[in-house]
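Each residue of the sequence shown is one higher than the one before, starting from 13 at the first, in the working numbering.
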Amino acid sequence: MRSLVIWLCLCVDVSEGWGKVGHEIVGNLAYELLSKEAKSAVDDLLDVEVLKESETTMGAVASWADKVRFTSEFHWTTPLHYVDIRDVDMKDGCVSPEKCHFEYKRDCTHDMCAVAAISDISSLLTSHLRGKSQLNKITKKQALKFLIHFIGDIHQPLHVSRQSDRGGNEIHVSLPIKTTKVLYHERDGTIIPQANLHSVWDDLMIDYALSRQEVLPHHKNQQKRIMLFQKSIQNKFLTPHFISHVACKKVRGNVTCPSLWAQESLHLALTEAYEDEHGAQIISGTKLSMEYYTSRLEIIQQQLATAAVRLANTLEAIYGDPDHIILETRSQTLALL
């Protein structure tokens, strides 16, 4: 068992990718896909006492891993939130999806990346339920909260992207909209909002989508906006065909499915995040267009839904009902663990 499992067993509980809203949506959508048995197991373990209007127990804890990584106990988990594609070691860099691929040995050194974390935690929780290991409740709770978060993270395209620009954090762009979450700079007498590309995908496009949700009579009710945005994703994507399509069907070892998910995210990073709507590379100083925002928002919604399905499949395999029909690939997911 890798270092993740060892550290989880040693650390104390600290109560409490995508940004907070994105992770909450992944947790909420996944929770609604679970069987009664899996929901009950998750509810008992997470033991969330107070929920906001838009939250499920999984949505409520989905951002916990982001908060605790800034503590001394969990700072070591920071590399587990992403996969750095080591493009500095590549002759031609990492620009073309035909030439740049995720490679576990190169991009997950010492098993410290999101791919390894998902595999390790899933195995840890499954081994405990099968009686192969003994875990106290604090460790089980921590492990589940990390798993919920890391499966969300690996589906944010810029969480599986170039090490050289730190997943878009070093690419500073101008935005087509006003927002209170970014810096403003003056150019030719015009005040222009600016941010890094990573934050655009983590938070800002989702915030834009929320701002466009019509909420009456309380137009500033954030919880209502989240619920409407979440419902639109649910209606558009979470069909039986979509659920079957995004399920992992190639199980040949512990890291196979998370590795495939990482490769999918890298492909989207290269073709959708790092390129504008005309196929040009986005570099520092680029002004993003509204067309970029609206077209990429569709990708974000798709990835939130995909993460939810795969999270639900994983948890159903660990905690759930073997006859639960909405998650038809439970036996395949179980083989992964």
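Using N, Cα and C, we set each Cβ at its ideal position, and we do this for glycine too.
Keep in mind the model is a prediction, meaning the values are calculated, not measured.
Counting along the chain, residue 321 sits inside the alpha helix (DSSP H) bounded by residues 302-331.
For residue 97, the pairing in a beta bridge is given by DSSP as 174.
Residue 185: not part of any alpha helix (DSSP H); member of the beta strand (DSSP E) spanning 184-186, first to last residue.
Between the C-alpha atoms of residue 53 and residue 70 there is a straight-line separation of about 11 Å. For residue 246, the uninterrupted alpha helix (DSSP H) run begins and ends at 234-249, by DSSP. By the 16-neighbour rule on beta-carbons within 10 angstroms, residue 59 is exposed.
Between the alpha carbons of residue 273 and residue 166 lies a distance of about 7 Å. Burial is judged here by how many other beta carbons sit within 10 angstroms of a residue's own beta carbon; residue 277 has at least 16 and is buried. By the Cβ test, the segment 118-133 is not in contact with the segment 30-38, since fewer than three Cβ pairs between them sit closer than 8 Å. Under the three-state reduction of DSSP, residue 154 is assigned to helix. Take the alpha-carbon of residue 154 and the one of residue 290: they are about 43 Å apart. In the pairwise beta carbon analysis, the segment 128-135 is classified as not touching the segment 293-307: fewer than three pairs are separated by under 8 Å. Scanning its chain for C-beta atoms nearer than 6 Å, with the 5 sequence neighbours on each side dropped, one finds around residue 270 the residues 127, 130 and 131, in chain order. If you look at residue 77, you'll find it in the alpha helix (DSSP H) that goes 76-80. The C-beta distance from residue 246 to residue 213 rounds to 21 Å, too long to fall under 8 Å, and the pair is not in contact. Per DSSP, the unbroken alpha helix (DSSP H) holding residue 275 starts and ends at 268-280.
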